[in-house]
Amino acid sequence: EAAVTQSPRNKVAVTGGKVTLSCNQTNNHNNMYWYRQDTGHGLRLIHYSYGAGSTEKGDIPDGYKASRPSQENFSLILELATPSQTSVYFCASGETGGSYEQYFGPGTRLTVL
Amino acid sequence: GQQVQQSPSSLVLQEGENAELQCNFSSTATQLQWFYQSPGGSLVSLLSNPSGTKHTGRLTSTTVTKERRSSLHISSSQTTDSGTYLCAIEPGANTGKLTFGHGTILRVHP
Numbered sequence: 693e694a695a696v697t698q699s700p701r702n703k704v705a706v707t708g709g710k711v712t713l714s715c716n717q718t719n720n721h722n723n724m725y726w727y728r729q730d731t732g733h734g735l736r737l738i739h740y741s742y743g744a745g746s747t748e749k750g751d752i753p754d755g756y757k758a759s760r761p762s763q764e765n766f767s768l769i770l771e772l773a774t775p776s777q778t779s780v781y782f783c784a785s786g787e788t789g790g791s792y793e794q795y796f797g798p799g800t801r802l803t804v805l
Numbered sequence: 887g888q889q890v891q892q893s894p895s896s897l898v899l900q901e902g903e904n905a906e907l908q909c910n911f912s913s914t915a916t917q918l919q920w921f922y923q924s925p926g927g928s929l930v931s932l933l934s935n936p937s938g939t940k941h942t943g944r945l946t947s948t949t950v951t952k953e954r955r956s957s958l959h960i961s962s963s964q965t966t967d968s969g970t971y972l973c974a975i976e977p978g979a980n981t982g983k984l985t986f987g988h989g990t991i992l993r994v995h996p
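Listed in order, the protein sequences are those of chains W and E. If you read the first sequence in our numbering, its first letter stands for residue 693, the second for the next number, and so on. If you read the second sequence in our numbering, its first letter stands for residue 887, the second for the next number, and so on.
In structure tokens, the structure reads:
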């Protein structure tokens, strides 16, 4: 039973459209994260959250919003999708502290045409 | 500049050989984590090792915090070890944010 799940797993969107990527975790972790992975850039942090109701900007937040309505759920929202946002998106959960690990979901492949 | 550098960028082994992967980082790290990414794309945490030596199965990680480096040793490699190995650090104090290296691509031939 996967502890971090993402939906959808694949998505094709049109330029200018709104896209919502969803993430659910059953680890009861306080922190959740959204990353994107692109060839040549590796994994980069978009937004993260320290708990329900909180969202923080990561390293590349422009063009993205995030929402954390509960401990378990964290969404990434693209209000006006652009082709440059075509990527693989990963959600993760974790805790803050020296020995804590982050656990990742299976990823969502987003294509913006 | 890049905060986390991994070497080599790629490595080819025959099954049974050992692998040594390196991770160097330019800032202090309160957390260091090694991940495996399968050819299909899924990311799995291998181990967390912010300092010292840690073993799990055929994997041994040694992190020397003062020298800002970590290694991952894979013993007796198997074809199923093929994939990308990523090193990530939490720079600074307890932010919970990870910065990733670009990874080492490992191919193990039978």
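Virtual Cβ for every residue (Gly too), placed ideally from N, Cα, C. Please read all numbers here as calculations on a predicted model, not as lab measurements.
{"Asked": "Assigned secondary structure, W:Gln730 (DSSP; H/G/I helix, E/B strand, else coil)", "Found": "According to the sequence as given, residue 730 of chain W is Asp; it is not Gln. DSSP places W:Asp730 in strand when its eight states are reduced to three."}
{"Asked": "C-alpha distance - W:Gly786 paired with W:Asn723, whole-angstrom precision", "Found": "5 Å"}
{"Asked": "Option in W:Tyr792, W:Ser762 and W:Leu737 with minimal Cα separation from W:Tyr756", "Found": "W:Leu737"}
{"Asked": "Residue-level contact to chain W via CB, E:Phe911, 8 Å cutoff", "Found": "no"}
{"Asked": "Selection of the stretch 913-929 of chain E by Cβ proximity to chain W, strictly under 7 Å", "Found": "Thr916, Gln917, Gln919, Gly927, Ser928 and Leu929"}
{"Asked": "is_contact[W:Val780, chain E] using C-beta, thresh 8 Å", "Found": "yes"}
{"Asked": "Cβ neighbour criterion (16 or more within 10 Å) applied to E:Thr914", "Found": "exposed"}
{"Asked": "CB contact below 8 Å: E:His995 versus chain W", "Found": "no"}
{"Asked": "Burial state of W:Thr731 (16 or more Cβ within 10 Å)", "Found": "exposed"}
{"Asked": "Contact with chain W by E:Lys952, beta-carbon distance below 8 Å", "Found": "no"}
{"Asked": "Interface residues of chain E facing W:Glu764 [CB-CB closer than 7 Å]", "Found": "Simply none; closest approach about 17 Å."}
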